[in-house]
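Shown next as structure tokens:
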């Protein structure tokens with residue numbers, strides 16, 4: 010009764026919901042910090058002047074030449090702020106999530122009642138399946154790009170072409186993630202036989218694809234993701250892998266394992282807030298709008314988006330879907346379909362329980378998890394920068410790094426840290442003069458006198474001055490090359506996916522047949 014009275018009172022104020030949503034965003038996102046390639050971008054852009062930043066030369070920008078809108082819109086913080094003022098990075102996350110929620114909500118209003126449109130928007134933005142796009146600054150465009158295109162679709166549908174067309178163009182060229190959204194949303198108009206709108210929507214995407222391949226041809230070093238040696242058979246195998254891994258990540262064991270360990274990460278304050286949201290949902294379940302009739306054109310378009318994303322990733326041969334790791338950003342395409350499927354389900358007490366388990370509690374749990382990992386990560390970096398022993402190493406030394414390869418979500422390796430060689434170099438750059446800095450990942454193989462990285466194809470020649478830095482205990486010691494074999498055996502197994510536990514079975518055979526490069530998971 011008290012919650013109902015409070016709801017009625019709050020509902021009478023126009024700005025109540027936006028203010029509450031802003032407060033929730035602040036709570037969920039503030040303190041989540043920097044991750045992964047954020048650190049590499051900061052170091053690589055350190056000392057850049059204004060022209061260095063603005064210069065669109067493909068030889069300098071590399072892959073970002075295809076993402077210039079994203080680059081200018083988001084990357085300016087790296088040379089300007091560096092490691093300092095991380096609060097601003099988090100505030101930008103809050104603003105981007107706020108805009109994305111609004112844009113998706115306006116699109117959803119074209120197909121759903123108001124309450125369900127809000128519901129669909131929240132599910133898409135915060136679905137735990139793609140938490141990397143929620144908390145990792147560099148992947149904010151993975152949310153904003155589709156949200157912008159969805160909003161442009163809404164404007165064009167409602168005959169506001171003067172506002173909608175510029176946004177379609179902006180969204181289409183903003184990021185290389187855009188083509189599946191552009192063509193999938195155009196397919197909605199085509200299905201409805203609104204061919205003029207379909208052409209308007211698809212044209213910027215088509216031009217972007219043409220420019221993309223022109224730049225790839227003119228500057229081959231700028232684009233290295235599309236596999237030029239890909240055969241038709243390999244492409245078909247990759248398509249099958251895309252489909253199977255997405256289904257497994259979205260509704261298979263991986264998702265439910267992630268939900269379980271996300272819930273187990275929740276803190277006391279977040280648990281209290283989650284319970285409050287669940288209690289409110291219970292009280293409002295009966296007043297929720299009735300299940301609407303599904304729009305065939307909408308779901309046709311959303312399925313097109315997902316299938317087109319499969320095709321895009323299959324061209325690279327580099328990506329498969331997973332609920333864990335920073336690579337779960339690829340699942341954002343299918344998350345849009347999931348959000349709109351869940352938004353038309355009947356709302357009753359049973360469905361509230363289900364949504365609490367798969368959305369509300371895990372979202373708060375993951376927020377606490379990323380905040381906790383950010384604190385730990387910052388402590389590790391501070392230890393590295395202040396360790397006097399590291400500063401004494403000469404340029405003729407080789408440094409081996411152990412520990413903190415990934416963060417752990419339960420038993421699973423989740424957020425990459427020292428698993429990425431370029432990130433290791435960026436973090437140690439100011440503290441170590443060693444010739445090579447090598448993290449002992451599960452993919453490192455010792456073949457005297459070399460260490461080989463079977464995942465990234467790198468080989469390191471070992472020097473006589475060999476040191477090990479234990480990042481868990483902030484300690485450094487000198488070792489001989491004869492100690493390396495034992496050191497490798499002592500490293501804990503990194504489980505990135507439960508399928509790794511099926512080594513030497515038909516499951517491994519199927520995975521490796523579909524994508525031979527994934528053999529490193531089973532080594």
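In our numbering, the protein residues as written are 10 to 532.
All residues carry an ideal CB built from backbone N, CA and C; glycine is no exception.
In this text, all values refer to a predicted model and were calculated from it rather than measured experimentally.
In angstroms with no decimal places, state the Cα-to-Cα distance between residue 324 and residue 523.
14 Å
Would you kindly check if the distance between the Cβ of residue 35 and the Cβ of residue 146 is under 8 Å?
no
Which of the three DSSP states, helix, strand or coil, is assigned to residue 479?
strand
Can you name the start and end residues of the beta strand (DSSP E) that residue 445 belongs to?
445–448
On the criterion of 16 or more Cβ atoms from any shown chain inside 10 Å, does residue 60 qualify as buried, or is it exposed?
exposed
Can you list, in chain order, the residues of its chain whose CB lies under 8 Å from that of residue 263, leaving out five sequence neighbours each side?
257, 331, 332, 333, 506, 507
Following the continuous beta strand (DSSP E) through residue 417, name the residue where it begins and the one where it ends.
First-last of the beta strand (DSSP E) with residue 417: 415–418.
For residue 174 versus residue 78, is the C-beta spacing smaller than 8 Å?
Their beta carbons are not under 8 Å apart, which means residue 174 does not touch residue 78 by this criterion.
Tell me the rounded alpha-carbon separation between residue 403 and residue 470.
Going from the Cα of residue 403 to the Cα of residue 470 covers about 16 Å.
Tell me which residue opens and which closes the beta strand (DSSP E) that residue 407 is part of.
406–411
Starting from the C-beta of residue 139, find all residues in its chain whose C-beta is less than 7 Å away, skip the five residues before and the five after it, and write them out in chain order.
337, 338, 340, 341, 344
If you draw a straight line from the alpha carbon of residue 193 to that of residue 321, how long is it in whole angstroms?
13 Å
Which residues share a DSSP beta bridge with residue 459?
Residue 459 is bridged to 456, 470.
Can you say whether residue 532 is buried or exposed, counting buried as having 16 or more other CB atoms within 10 angstroms of its CB?
Exposed.
Taking Cβ positions, are residue 489 and residue 475 nearer each other than 8 Å?
Between residue 489 and residue 475, the CB-CB gap stays under 8 Å.
How would you write the range of the beta strand (DSSP E) that residue 425 sits in, first residue to last?
421–425
If contacts are defined as beta-carbon pairs under 8 Å, then residue 406 and residue 444 qualify, I think. What distance do you get, rounded to the angstrom?
7 Å
For residue 412, which option in 398, 167, 401, 393 has the closest C-alpha, if you only look at C-alpha atoms?
393
Could you please give me the residues that DSSP links to residue 485 through a beta bridge?
478
List the whole-angstrom C-beta distance separating residue 159 from residue 112, where the pair is believed to meet the contact cut-off of C-beta under 8 Å.
Residue 112 and residue 159 do touch by the CB rule: their CB atoms are close to 6 Å apart, below 8 Å.
With 16 other CB atoms within 10 Å as the buried threshold, where does residue 223 fall?
That one is exposed.
Within a Cβ cutoff of 8 Å, which residues of the same chain sit near residue 152, ignoring the five residues on either side of it in sequence?
105, 106, 109, 134, 142, 143, 341
List the endpoints of the continuous alpha helix (DSSP H) containing residue 385.
Run containing residue 385: 370–395, per the alpha helix (DSSP H) assignment.
Starting from the C-beta of residue 451, find all residues in its chain whose C-beta is less than 6 Å away, skip the five residues before and the five after it, and write them out in chain order.
503
Assess, as a yes-or-no matter, whether the region 280–298 is touched by the region 345–363 under the definition of 3 or more beta carbon pairs within less than 8 Å.
yes
Fully enclosed by the region 318–363, which alpha helix (DSSP H) runs are 4 residues long or longer?
341–351
On the criterion of 16 or more Cβ atoms from any shown chain inside 10 Å, does residue 383 qualify as buried, or is it exposed?
Its Cβ being crowded by 16 or more others within 10 Å, residue 383 is buried.
So, do the region 363–374 and the region 265–276 have three or more beta carbon pairs nearer to each other than 8 Å?
yes
Buried or exposed: where does residue 12 fall if 16 or more other Cβ atoms within 10 Å of its Cβ makes it buried?
Because the pLDDT at residue 12 is just 49, under 50, the model does not fix this residue reliably, and the value given afterwards should be weighed accordingly. Exposed: under 16 other Cβ atoms inside 10 Å.
Just list the residues that DSSP pairs residue 504 with in beta bridges.
421
In the structure shown, what three-state DSSP assignment does residue 267 receive?
helix
Would you call residue 191 buried or exposed, if buried means 16 or more other Cβ atoms sit within 10 Å of its Cβ?
By the beta-carbon neighbour count (other beta carbons within 10 angstroms, threshold 16), residue 191 is buried.
Taking residue 208 as the reference, give the member of 185, 234, 170 with the closest Cα.
170
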